[in-house]
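Enquirer:
Protein chains in written order, with our numbering: chain A, 294 to 822; chain B, 342 to 831.
1. With a Cβ-Cβ cutoff of 8 Å, do residue 441 of chain A and residue 314 of chain A count as a contact?
2. Under 7 Å Cβ-Cβ, which residues of chain B neighbour residue 465 of chain A?
3. Answer with buried or exposed for residue 547 of chain B, where buried requires no fewer than 16 other C-beta atoms within 10 angstroms of its C-beta.
4. Between the region 735 to 748 of chain A and the region 667 to 674 of chain A, can you find at least three pairs of beta-carbon atoms closer than 8 Å?
5. Give me the residue from A:806, A:537, A:610, A:306 with the minimum Cα distance to residue 599 of chain A.
6. Grab the span of the beta strand (DSSP E) containing residue 564 of chain A for me, first residue to last.
7. Give the straight-line distance between the Cα atoms of residue 396 of chain B and residue 355 of chain B, rounded to the nearest whole angstrom.
8. Which residue marks the beginning of the beta strand (DSSP E) containing residue 358 of chain A, and which one marks its end?
9. The ligand MN heavy atoms versus the CB of residue 629 of chain B: any closer than 7 Å?
10. Counting only runs of 4+ residues fully inside the region 604 to 673 of chain A, write out the alpha helix (DSSP H) ranges in chain order.
11. Tell me, please, whether the region 501 to 520 of chain A touches the region 469 to 482 of chain A by the rule of three or more beta-carbon pairs shorter than 8 Å.
12. Do residue 721 of chain B and residue 443 of chain B have their C-beta atoms closer together than 8 Å?
13. Quick check: the Cα distance between residue 295 of chain A and residue 376 of chain A, rounded to an integer number of angstroms?
14. Is the region 690 to 697 of chain B in contact with the region 655 to 674 of chain B, if contact means three or more CB pairs nearer than 8 Å?
15. Near residue 392 of chain B, which residues of its chain fall below 6 Å by C-beta distance, leaving aside the five closest residues on each side in sequence?
16. Report the start-end ranges of each alpha helix (DSSP H) in the region 687 to 765 of chain A that is 4 residues or longer and not cut off at the edges.
17. Measuring straight from C-alpha to C-alpha, what distance separates residue 603 of chain A and residue 585 of chain A?
18. Helix, strand or coil, according to DSSP, for residue 295 of chain A in the structure here?
19. Which stretch, first to last residue, makes up the beta strand (DSSP E) that contains residue 377 of chain A?
20. Is the beta carbon of residue 417 of chain A sitting closer than 8 Å to the one on residue 566 of chain A?
21. Quick one: give me the first and last residue of the alpha helix (DSSP H) that residue 708 of chain B is part of.
22. According to the Cβ coordinates, are residue 539 of chain A and residue 420 of chain A closer than 8 Å?
23. Do you know offhand how far residue 342 of chain B's Cα is from residue 567 of chain B's?
24. Rounding to the nearest angstrom, what Cα-Cα distance links residue 495 of chain B and residue 505 of chain B in this structure?
25. Considering only residues of the region 342 to 408 of chain B, which uninterrupted alpha helix (DSSP H) runs meet the minimum length of 4 residues and lie entirely inside it, listed in chain order?
26. Is it true that the CB of residue 459 of chain B sits closer than 8 Å to the CB of residue 550 of chain B?
27. Where does residue 452 of chain A sit, in a helix, a strand or coil, going by DSSP?
28. Note down, in chain order, all residues in the region 804 to 822 of chain B with a beta-carbon under 7 Å from any beta-carbon belonging to chain A.
29. Do residue 381 of chain A and residue 426 of chain A have their beta-carbon atoms positioned less than 8 Å apart in this structure?
30. Do residue 627 of chain A and residue 618 of chain A have their C-beta atoms within less than 8 Å of each other?
31. Please classify residue 503 of chain A as buried or exposed, where buried requires at least 16 other C-beta atoms within 10 Å of its C-beta.
32. For residue 575 of chain B and residue 682 of chain B, what's the separation of their Cα atoms in angstroms?
33. When the Cα of residue 395 of chain A is compared with those of A:545, A:596, A:729, which residue comes out closest?
34. Just the C-alpha distance for residue 655 of chain B and residue 348 of chain A, rounded to the nearest angstrom, thanks.
35. The beta strand (DSSP E) spanning residue 779 of chain B covers which residue range?
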């Protein structure tokens, strides 16, 4: 229970956007610029206050830090319990970092209902940060669900032509996964009560719960469904292309950058430590699904003629890497998985921003409508290339670090899955480079493209910070990786303990069987006498 | 020998007396009032409601203390259980009256009878909640029902309203017959109408005749009708659609809660011996009610009809809680009914205003673009709908959470899973309204008459919205009280 700052910093960061919302509520609809500025500055303040988290974070302990604890609904053992460890730290920083950039990107893209849009974006930030900070199951679930509402409106009101379909699909898909999770949470809750006589929703106490394997299986399945839909893993991914494509740029950035990570985060925070046995049993299946996702996502991306759809499907592929690394269940794999979550947030977020910039200029997302853009937008072209490289994992950029670690981990765990996953890297290069070639190189075939302007100052302002981190993580990832080591070790400890216990019981059973044999033989011998 | 006088203890009936008194005052004033004087009936009734709320809350002792009062030799009880329900009824009635004030003026039905009938219906509900004996409960139920039959047809120039009233009356009387028959059979089997007496008799004598079981089954039918549980729900959509909107709001909250109040008390207090039998019936009824209600609601275009089916589905959730008739189960019923009253009446308040004169705009398309024409109304409506759908941080979520916790605690895992899947289904039709409000363009004709929210109606919406958020974000107080109220049943 360490709060290094003596200040409820997590609550401050999480709920500060509400202050911005309150301000915006009092502004008139017509003052678009003012509303935008308030929203942007609010998000910036949240970001600025989240920076000390990094510097005051003690990487020598796996304990939760910056903890806040207030009983909330005493009768049920529900509490307002916030705290972070090395796993959630970067996801929070990623969220506070991407939110202001996303707001900045909509300056000219969204001109109707600006007020509602900014309120939704800020509200979304509250929900996302809450999910990563919550250490109480109930609180976690509240944030998890609350976040659906602003995202639903963002897609449904400001989205593309099929926005209503996409918004409803997103909402219902996500909710159907999460209600079963709620049942599983409640089941755990009463189970915990039966064993300890204490009603509590504290996630950390569940980590110490010993559950029989068959119970673990069902609960794991319920959680799996919720998180796999969110990630999204292969057969549950169909909502993603719809939502990503229809959402406005900022919506796609947040969706890809942060929302998808809530699924992978869920696996790390809940499934692995609470159900270690079920996790061990599930490894081959989840790795298989992850690999299918990697290859399938990449192949489908190749076939797309819409840039945004291409980027959307590439997320399926990239998140497959995250899942692969995580279920390799070794140091490299899990660390790679976490850093890859951040990487994906940065590079795919940047790709969506870039698509948004093209769309704002030409109002089309079809690859065929572009070509030769490099000639009119040279600076844009180089940044685009850098981001594409980062996304496909070129050495020296962030994507490489993540994918390398994940593949090392995966090779240690299972050489077959890892080999197939490596194939995915090649496909990744294919769809990105081919798309880049068709959009940027060659002659300008459409005369509308001749007049395109290069990047504006505002566009620099939201792309360059991302580029900065893409390069930094690529060249010097140590400060990022070090912070998470202890937490990941602790997480893996739980699973390896279970493994050791299993082998011990197997050994024990063998010995018992031998003993039995021995006594039977003795009896037989004595009977003969 | 002088016959012994029963202990009457009228003071236990003060809230009921107040309500009855105000109902009579309004009726009486009706004969003298001129047009301008008719405006005040609503406010007069409100005074009665608020006084009654205060009495219920503070008498015999402030609410959070455990206290029980009896009257009429134990035919009447004032315990925390019935006090909680009475607060729900009075709150529902108060909100209904606030919504009605402008409605009756617009529709030209500004009569004292309207408010008097509402007050009488409320009186009936309160009697149902306090009765510890079959006949008392039955009297309350009839008083409530007959007032409601008349109210459903109150806009008598509208055909659809007449239809609603007649259907409600015919089917309702039929169901009352079942109920009465069930009570008669139980009386025949046990020789008493007192709930305690029945319970003691059944506990002593092991079941020898099928009579009590038959009686119990008939009671399930009778109460099932009042709470609109499937398969006794057929009346609800037509009546909800045809009745004047404020009355629909009223019917979906108070009388439903009253039905549950009596249902639960009779079954938990009088028939624990038959627990094994009624659990099966209610299990089936709960599943059917949730599923049928939600699935049919998906295809409704009329918003009142849609909310009628949604209200059927909500009764299904409450039946789930009823099944787990332990501490958590009963207190979750109380909590849920309070939450439901707030969110449903809140939604109907917006519907009433939007429907306009003659209630012409009650289709979901009429909500197109409401988010831009009337942002505040649309936000309030969204809040109520998200609460009905059970999305946090609203009262509706907390209520569902409470109910499904109770179900899992009692081992009804399957039922809980069916319940949550149902609530996902329900999300679809609640979202339809938000889609219309925010994601569709307003109708091409362009002329959208300005909505006039009367101050009374705004107050009703504010109270509901505040309550929905308060109960969703800081539910502790309400849960405490609900738990206290459960203890009263023991």
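Glycine included, each C-beta is placed from N, C-alpha and C at the ideal position.
Expert: Well, looking at it:
1. no
2. 765, 768, 769
3. exposed
4. yes
5. A:537
6. Note, residue 564 of chain A: premise wrong, no beta strand (DSSP E); not H, not E.
7. 7 Å
8. 358 to 366
9. For the structure depicted, the ligand MN is absent and the ligand set is empty, with no information on it obtainable.
10. 624 to 655, 666 to 669
11. yes
12. no
13. With a pLDDT of 49 at residue 295 of chain A, under the threshold of 50, the modelled position of that residue is not reliable, and no figure is offered here.
14. no
15. 359
16. 691 to 706, 708 to 733
17. 17 Å
18. The predicted position of residue 295 of chain A is uncertain, since its pLDDT is 49 and thus under 50; a value taken from the coordinates is nonetheless stated next. If DSSP states are grouped into helix, strand and coil, residue 295 of chain A belongs with the strands.
19. 371 to 377
20. no
21. Note, residue 708 of chain B: premise wrong, no alpha helix (DSSP H); not H, not E.
22. no
23. Below a pLDDT of 50, predicted positions are generally treated as unreliable, and residue 342 of chain B, at 47, falls in that range; the measurement from the model is reported next regardless. Taking the straight line joining both Cα atoms gives about 45 Å.
24. 10 Å
25. 355 to 373, 376 to 379, 382 to 399
26. no
27. coil
28. 816, 817, 820, 821
29. yes
30. yes
31. exposed
32. 22 Å
33. A:545
34. 50 Å
35. Counting along the chain, residue 779 of chain B falls outside any beta strand (DSSP E), and DSSP gives it neither H nor E.
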